[in-house]
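>
Residue numbers (the working numbering), protein chains in the order written: chain A, 327 to 513; chain B, 139 to 329.
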């Protein structure tokens, strides 16, 4: 049960967003710029970073929904699972591996990122904006994950619900809610 | 030295924000709503939560500047702010604030550590659902801001006077207004 009186039937972050629209607006806007707007990193690559960080934070709702969004972008659910469990052996670019390494350090503590980590990403062609966005995506998911878990939100174990959310996120981004009304699923 | 080519004259989050105005705008909008918007928690109380979480994350720039913003809202009481950073249970703050800081400290580690008993303890001190929500989100948001500032290797000066002066300005004018100067000055230089 949620720690506060969140609206019934809204899973994960959609409950927090519905409860407090004033803070939802800038949080949606941030996710939209980071994950959906034009970028030299593809939306699929950026969703992989989000799913990876959320997985490391053990936030079920966020890792499932961003894994679903990444799967839609990439047309490949297996690679997403592989990134979550062991990205070094996943069929992703050397650049993305170097960026995921930075993201994993930011997830623990930003101070762990070393010049050598950044240099390794640069050697694979990463730009300053790509490194910046990797750091901020990882940092932002340390917020989103804590928000979702810290409120004790409802996080159903329902693959179909996440698949639908992932489709919406991949197609529309984050400006409009992917969950507009209470959902009924077997939790 | 920062890990990427941030504008050299802007310490902490300001350099990062000037580098990327597209993300700076929602980042500033969020902190503005959370820490300065209409709320039953005072601005000073909310800044103390931000300061406490930043202190636990050991992000020098964030805990210094938010500590000074908090002090500016609390009649210049820097000693109180320091006490909250080091041992808030001994600080001269309300039992409600102590219960909320306990929740914030758990969110700083992992949101899943917050228990029904923690929330009940805050409610017994008259914390409302919105206050509990905002405490969780302030703590979560500073886990983002802190990692952003540290993860880019930003410049984080030691000079307390610099934070004191800046803290007074932010307390007076708010985040969005103060951000306009460096976003306007650097938007073209960065890209």
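All C-beta atoms in this analysis are idealised placements derived from N, C-alpha and C, irrespective of residue type, glycine included. Only a predicted model underlies this, so the values are computations on that prediction, with no experimental measurement involved.
Starting from residue 198 of chain B, trace the alpha helix (DSSP H) both ways and give me its first and last residue.
Position 60 of the second chain, counting from 1, holds the residue named residue 198 of chain B. 198–211 is the extent of the alpha helix (DSSP H) around residue 198 of chain B.
> When burial is assigned at 16 or more other CB atoms within 10 Å of the CB, is residue 491 of chain A buried or exposed?
Locating residue 491 of chain A in the first chain gives position 165, where the first residue counts as 1. Counting Cβ neighbours within 10 Å, residue 491 of chain A comes out buried, since at least 16 surround it.
> Please list, in chain order, all residues of the same chain as residue 493 of chain A whose beta carbon is under 6 Å from its beta carbon, the five residues on each side excluded.
Walking along the first chain from the start, residue 493 of chain A turns up at place 167. Only 398 meet the Cβ criterion.
> Strictly under 8 Å for the Cβ-Cβ distance: is residue 200 of chain B near chain A by that measure?
The residue given as residue 200 of chain B occupies position 62 in the second chain. It does not; no Cβ of chain A falls within 8 Å.
> Span of the alpha helix (DSSP H) holding residue 250 of chain B?
Mapped onto the second chain, residue 250 of chain B falls at position 112. Residue 250 of chain B -> no alpha helix (DSSP H), and no H or E assigned at all.
> Using a Cβ cut-off of 8 Å (strictly closer), state whether residue 316 of chain B contacts chain A.
The residue given as residue 316 of chain B occupies position 178 in the second chain. Not closer than 8 Å to any Cβ of chain A, the Cβ of residue 316 of chain B fails to qualify, so no.
> Name, going along the chain, the residues of the stretch 329–349 of chain A whose beta-carbon falls closer than 8 Å to a beta-carbon of chain B.
Within the stretch 329–349 of chain A, the qualifying residues are 329, 330, 331, 342, 345, 346, 348 and 349.
> With a threshold of 16 other CB atoms inside 10 Å of the CB of residue 436 of chain A, please say whether the residue is buried or exposed.
Walking along the first chain from the start, residue 436 of chain A turns up at place 110. Residue 436 of chain A is buried by the Cβ-count criterion.
> Is there a Cβ from chain B that is less than 8 Å from the Cβ of residue 473 of chain A?
Start at 1 with the first residue of the first chain, and residue 473 of chain A comes out as number 147. Judged by the 8 Å Cβ criterion, residue 473 of chain A is in contact with chain B.
> Against chain A, with Cβ distances strictly below 8 Å, would residue 289 of chain B count as a contact?
One-based indexing of the second chain puts residue 289 of chain B at position 151. So yes, residue 289 of chain B belongs to the interface.
> CA-CA distance, residue 267 of chain B and residue 349 of chain A?
Here residue 267 of chain B refers to the residue found at position 129 of the second chain. Here residue 349 of chain A refers to the residue found at position 23 of the first chain. Residue 267 of chain B and residue 349 of chain A: Cα-Cα distance of roughly 15 Å.
> Is the shortest distance between the beta-carbon of residue 362 of chain A and the beta-carbons of chain B less than 8 Å?
Here residue 362 of chain A refers to the residue found at position 36 when the first chain is read from its first residue. For residue 362 of chain A, the answer is no, since every Cβ of chain B falls outside 8 Å of its Cβ.
> Counting only beta-carbon atoms, is residue 398 of chain A nearer than 8 Å to chain B?
Walking along the first chain from the start, residue 398 of chain A turns up at place 72. So, not an interface residue.
> Using three-state DSSP, classify residue 344 of chain A as helix, strand or coil.
Taking the first chain and counting its residues from 1, one reaches residue 344 of chain A at position 18. If DSSP states are grouped into helix, strand and coil, residue 344 of chain A belongs with the helices.
> How is the alpha helix (DSSP H) around residue 370 of chain A delimited, first residue to last?
In the first chain, counting from the first residue as 1, residue 370 of chain A sits at position 44. Per DSSP, residue 370 of chain A belongs to the alpha helix (DSSP H) from 369–382.
> Does the beta carbon of residue 158 of chain B sit closer than 8 Å to a beta carbon anywhere in chain A?
For the purposes of this step, residue 158 of chain B is identified with residue 20 of the second chain, where counting begins at 1. Yes, contact with chain A.
> Is DSSP giving residue 148 of chain B helix, strand or coil here?
Working through the second chain from its first residue, we reach residue 148 of chain B at position 10. Reduced to three states, the DSSP call for residue 148 of chain B is coil.
> Relative to the C-alpha of residue 280 of chain B, which candidate in B:222, B:168, B:139 and B:141 has its C-alpha closest?
For the purposes of this step, residue 280 of chain B is taken as the residue at position 142 of the second chain. Considering only alpha carbons, the answer is B:168.
> Determine, using beta carbons only, whether residue 465 of chain A and residue 432 of chain A come nearer to each other than 8 Å.
By 1-based counting over the first chain, the position of residue 465 of chain A is 139. By 1-based counting over the first chain, the position of residue 432 of chain A is 106. Against a cut-off of 8 Å, the Cβ pair of residue 432 of chain A and residue 465 of chain A comes out as a contact.
> Since residue 282 of chain B meets chain A, which of its residues come closer than 7 Å, beta carbon to beta carbon?
Position 144 of the second chain holds residue 282 of chain B. Those within 7 Å of residue 282 of chain B in chain A are 465, 466, 468 and 469.
> Assign residue 182 of chain B to one of three DSSP states: helix, strand, or coil.
Here residue 182 of chain B is taken as the residue at index 44 of the second chain, counted from 1. Helix, per DSSP.
> Going straight from the alpha carbon of residue 273 of chain B to that of residue 462 of chain A, what length do you get?
Translated into positions along the second chain, residue 273 of chain B becomes position 135. Translated into positions along the first chain, residue 462 of chain A becomes position 136. Approximately 22 Å between the Cα atoms of the pair.
> Would a check of beta-carbon distances place residue 321 of chain B closer than 8 Å to chain A?
Translated into the one-based positions of the second chain, residue 321 of chain B becomes position 183. False, the Cβ-Cβ gap to chain A never drops below 8 Å.
> Quick check: what's the CA-CA separation for residue 424 of chain A versus residue 201 of chain B?
Residue numbering aside, residue 424 of chain A sits at position 98 when the first chain is read from its first letter. Residue numbering aside, residue 201 of chain B sits at position 63 when the second chain is read from its first letter. Taking the straight line joining both Cα atoms gives about 30 Å.
> Are residue 372 of chain A and residue 361 of chain A close, meaning C-beta to C-beta below 8 Å?
Within the first chain, residue 372 of chain A is the residue found at index 46, counting from 1. Within the first chain, residue 361 of chain A is the residue found at index 35, counting from 1. A contact, by the Cβ cut-off of 8 Å.
> Beta-carbon within less than 7 Å of residue 141 of chain B's beta-carbon, same chain only, minus the 5 sequence neighbours each way: which residues are those?
Here residue 141 of chain B refers to the residue found at position 3 when the second chain is read from its first residue. Hits under 7 Å: 290 and 291.
> In this structure, how does DSSP classify residue 333 of chain A when only helix, strand and coil are distinguished?
Working through the first chain from its first residue, we reach residue 333 of chain A at position 7. Coil at residue 333 of chain A, not helix or strand.
> Could you tell me whether the stretch 230–250 of chain B touches the stretch 498–512 of chain A, where touching means 3 or more Cβ pairs closer than 8 Å?
Segments in contact, no.
> Any idea what DSSP makes of residue 294 of chain B, helix, strand or coil?
Counted from its first residue, the second chain places residue 294 of chain B at position 156. Three-state result, residue 294 of chain B: coil.
> Please work out which residues of its chain come closer than 7 Å, Cβ to Cβ, to residue 227 of chain B, disregarding the five sequence neighbours upstream and downstream, and give them in chain order.
Looking up residue 227 of chain B in the second chain gives position 89. Excluding positions up to five away in sequence, the list reads 236.
> Beta-carbon of residue 494 of chain A versus every beta-carbon of chain B: anything under 8 Å?
Taking the first residue of the first chain as position 1, residue 494 of chain A is located at position 168. No, because no Cβ of chain B sits closer than 8 Å to the Cβ of residue 494 of chain A.
> Tell me which same chain residues have a C-beta within less than 6 Å of the C-beta of residue 391 of chain A, skipping the five on either side of it?
Residue numbering aside, residue 391 of chain A sits at position 65 when the first chain is read from its first letter. Result list for residue 391 of chain A: 488 and 491, in chain order.
> Once DSSP output is grouped into helix, strand and coil, what is the label at residue 362 of chain A?
Numbered from its first residue, the first chain carries residue 362 of chain A at position 36. If DSSP states are grouped into helix, strand and coil, residue 362 of chain A belongs with coil.
> If you reduce the DSSP assignment to three classes, tell me which class residue 385 of chain A lands in.
By one-based count along the first chain, residue 385 of chain A stands at place 59. It is coil, neither helix nor strand.
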